[in-house]
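> In my numbering, the protein residues as written are 35 to 358. Glycine included, C-beta positions come from ideal geometry on N, C-alpha and C.
(1) Take residue 356 and list the residues in its own chain whose beta-carbon comes closer than 6 Å to its own, dropping the five residues that flank it on each side.
(2) In terms of DSSP beta bridges, what is residue 75 paired with?
(3) Specify the secondary structure class of residue 240 as computed by DSSP and reduced to three states.
(4) Three or more C-beta pairs under 8 Å: does that hold for the stretch 48-55 against the stretch 78-94?
(5) What is the residue span of the beta strand (DSSP E) that residue 195 lies within?
(6) Taking the C-alpha atoms as reference points, what is the distance between residue 99 and residue 339?
(7) Using alpha carbons as the reference points, say which of 275, 283, 279, 159 lies closest to residue 305.
(8) Using a Cβ-Cβ cut-off of 6 Å (strictly less than) and excluding sequence neighbours within five positions of residue 251, which residues of its own chain qualify?
(9) Compare the C-alpha of residue 358 against each of 330, 180, 258, 293 and name the closest.
(10) Helix, strand or coil: which one does DSSP assign to residue 305?
(11) Could you tell me which of 173, 191, 113, 308 sits nearest to residue 148, measuring between CA atoms?
(12) Going along the chain, which residues of its own chain have a beta-carbon closer than 6 Å to the beta-carbon of residue 336, five neighbours each way excluded?
(13) Quick one: any contact between the stretch 262-277 and the stretch 221-231, if contact means 3 or more CB pairs under 8 Å?
(14) Whole angstroms is fine: what's the gap from residue 57's alpha carbon to residue 313's?
(15) Might you give, ordered along the chain, the residues of its own chain that have their beta carbon closer than 7 Å to the beta carbon of residue 61, omitting 5 neighbours on each side?
(16) I need the straight-line Cα distance from residue 264 to residue 210, nearest angstrom please.
(17) Classify residue 189 as helix, strand or coil using the three-state DSSP reduction.
(18) Tell me which residues share the same chain as residue 256 and place their Cβ nearer than 8 Å to its Cβ, disregarding the 5 neighbours each side in the sequence.
(19) For residue 123, which of helix, strand or coil comes out of DSSP?
(20) Considering residue 222, what are the terminal residues of the alpha helix (DSSP H) in which it resides?
(21) Looking at the strands, I want to know which residues DSSP matches up with residue 134.
(22) Checking 9 Å against the spacing of the C-beta atoms, do residue 195 and residue 150 come in under that value?
(23) From residue 123 to residue 177, what distance separates their C-alpha atoms?
(24) My output table needs one value for residue 128: the three-state DSSP class, helix, strand or coil.
(25) Can you tell me whether residue 386 is helix, strand or coil according to DSSP?
(26) Is it buried or exposed, residue 127, if we count other Cβ atoms within 10 angstroms and call 16 or more buried?
(27) Can you tell me the Cα-Cα spacing of residue 303 and residue 44, whole angstroms?
(28) Under a Cβ-count criterion, where at least 16 other Cβ atoms within 10 Å of its own Cβ denotes burial, should residue 308 be classed as buried or exposed?
(29) Just to confirm my understanding: we take residue 94, look at its own chain, exclude 5 residues before and 5 after, and list those with CB closer than 8 Å. What are they?
(30) With a threshold of 8 Å, are at least 3 pairs of Cβ atoms found where one atom belongs to the stretch 108-121 and the other to the stretch 157-164?
(31) In angstroms with no decimal places, state the Cα-to-Cα distance between residue 67 and residue 157.
(32) For the alpha helix (DSSP H) that contains residue 88, what are its first and last residues?
Given below as structure tokens:
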């Protein structure tokens, strides 16, 4: 089978969670792919999706639009290159799924069969599932018959393992992708430019002699998506996410607030690339002229010292959020 390299773009919101890939129609013609065919998408890993034609504005640009779970299954991010080829799937007789965290779904097999009907999956794929507004991940730990891809239909037997998939860390499941954030297209573009690129390609910045930003401040009223945006960047870059709430880190005991900060920064360095998200930053780092207490002075000094100690290679980035 012929294959071709395409550039990854984010899926539109109405395509998220459907297991489809929107592909440039010119590429579909070139590879002999028609709507409904199954394609294998290969980045660092491989996954499969059902092909749909791309949008008119994507024609001629060699673009494939896939959602956050497909990107994670292929081990790639937005703007990365993937290779695609048409494959012939088999009808699944049995699929065994394991949750990524301890979970019991009563009667889940029937629901899952209807949810996944006519969807293509490969062994090892993580499938997203929304239950009562909660997003969970299920790993396809076994498929029958053995094949590059199988299609689930009404006759497929679905088995849900009571034991979680041990090899998949729950923290590695993309709870939030860029497609989950509405109305912040320009903000996402800027944050990707400042944070995602240095985290994913630190060697490029080092080679060019460009200093990557150590921190970014997000500001806006509560509920506008500051935390969501920080989590999405961490998920899309496969970075460790460390969240600090300003008021929670403060302690009445001498030196404990500074120690709490140091621990978070040390853990982030050990698990780099990492993102440290400080919510309500103004609670621990107000304007210098507004600092009155001794504890606040020490915490501000400690935070500045820790940020000064970060190497500007994009391996650890601090994102602060404030309502002011």
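Quick answer:
(1) To locate residue 356, count along the chain shown from 1; it is residue 322. Taken in chain order, the residues that qualify are 253, 315, 316.
(2) Here residue 75 is taken as the residue at index 41 of the chain shown, counted from 1. Note: residue 75 sits in a beta bridge opposite 81, 118.
(3) For the purposes of this step, residue 240 is taken as the residue at position 206 of the chain shown. Three-state result, residue 240: helix.
(4) Using a Cβ-Cβ distance cut-off of 8 Å, the stretch 48-55 and the stretch 78-94 are in contact, since at least three pairs of beta carbons, one from each stretch, lie closer than that value.
(5) Locating residue 195 in the chain shown gives position 161, where the first residue counts as 1. Where residue 195 is concerned, there is no enclosing beta strand (DSSP E), given that its DSSP letter is neither H nor E.
(6) Counted from its first residue, the chain shown places residue 99 at position 65. Counted from its first residue, the chain shown places residue 339 at position 305. Rounded to the nearest whole angstrom, the CA to CA distance from residue 99 to residue 339 is 42 Å.
(7) Position 271 of the chain shown, counted from the start, is the residue given in the question as residue 305. Closest by C-alpha distance to residue 305, out of 275, 283, 279, 159, is 275.
(8) On the chain shown, residue 251 is found 217 positions in, with the first residue counted as 1. Here the set comprises 354.
(9) As a position in the chain shown, residue 358 is number 324, starting the count at 1. When the alpha-carbon of residue 358 is set against those of 330, 180, 258, 293, the nearest one is in 258.
(10) What you label residue 305 is simply residue 271 of the chain shown in a count that begins at 1. Three-state result, residue 305: coil.
(11) Stepping through the chain shown from its first residue, residue 148 is reached at position 114. Closest option to residue 148, judged by alpha-carbon separation, among 173, 191, 113, 308: 191.
(12) Residue 336 sits at position 302 when you count from the first residue of the chain shown. The answer, listed in chain order, is 292, 295.
(13) Here the stretch 262-277 makes contact with the stretch 221-231; the two share three or more CB pairs at distances below 8 Å.
(14) For this step, residue 57 is matched to residue 23 along the chain shown. For this step, residue 313 is matched to residue 279 along the chain shown. Taking the straight line joining both Cα atoms gives about 39 Å.
(15) Taking the first residue of the chain shown as 1, we reach residue 61 at position 27. Around residue 61: 38, 40, 96.
(16) Taking the first residue of the chain shown as position 1, residue 264 is located at position 230. Taking the first residue of the chain shown as position 1, residue 210 is located at position 176. Their backbone Cα atoms lie some 9 Å apart in a straight line.
(17) Along the chain shown, one-based indexing puts residue 189 at 155. DSSP places residue 189 in coil when its eight states are reduced to three.
(18) Your numbering for residue 256 matches position 222 in the chain shown. Closer than 8 Å at the Cβ level, and outside the excluded window around residue 256, lie 357.
(19) As a working note, residue 123 is residue 89 in the chain shown. Residue 123 falls in the coil class under three-state DSSP.
(20) Residue 222 sits at position 188 when you count from the first residue of the chain shown. Residue 222 -> alpha helix (DSSP H) spans 219-225.
(21) Working through the chain shown from its first residue, we reach residue 134 at position 100. BP columns for residue 134 are empty, so no partner.
(22) Position 161 of the chain shown holds residue 195. Position 116 of the chain shown holds residue 150. Not closer than 9 Å, so no.
(23) Residue numbering aside, residue 123 sits at position 89 when the chain shown is read from its first letter. Residue numbering aside, residue 177 sits at position 143 when the chain shown is read from its first letter. Just so you know, the alpha carbons of residue 123 and residue 177 end up roughly 12 Å apart.
(24) Residue mapping note: residue 128 aligns to position 94 of the chain shown, counting from 1. Correct three-state label for residue 128: strand.
(25) Summary: the structure shown does not reach residue 386, with the chain confined to residues 35 through 358, and so no result is reported for it.
(26) Here residue 127 refers to the residue found at position 93 of the chain shown. Residue 127 comes out exposed.
(27) To locate residue 303, count along the chain shown from 1; it is residue 269. To locate residue 44, count along the chain shown from 1; it is residue 10. Taking the straight line joining both Cα atoms gives about 29 Å.
(28) Taking the chain shown and counting its residues from 1, one reaches residue 308 at position 274. Per the 10 Å Cβ criterion, buried.
(29) One-based indexing of the chain shown puts residue 94 at position 60. Excluding positions up to five away in sequence, the list reads 58, 60.
(30) Here the stretch 108-121 makes no contact with the stretch 157-164; the two share fewer than three CB pairs at distances below 8 Å.
(31) Start at 1 with the first residue of the chain shown, and residue 67 comes out as number 33. Start at 1 with the first residue of the chain shown, and residue 157 comes out as number 123. Between the C-alpha atoms of residue 67 and residue 157 there is a straight-line separation of about 23 Å.
(32) Taking the chain shown and counting its residues from 1, one reaches residue 88 at position 54. Segment: none, residue 88 is in no alpha helix (DSSP H) and carries neither H nor E.
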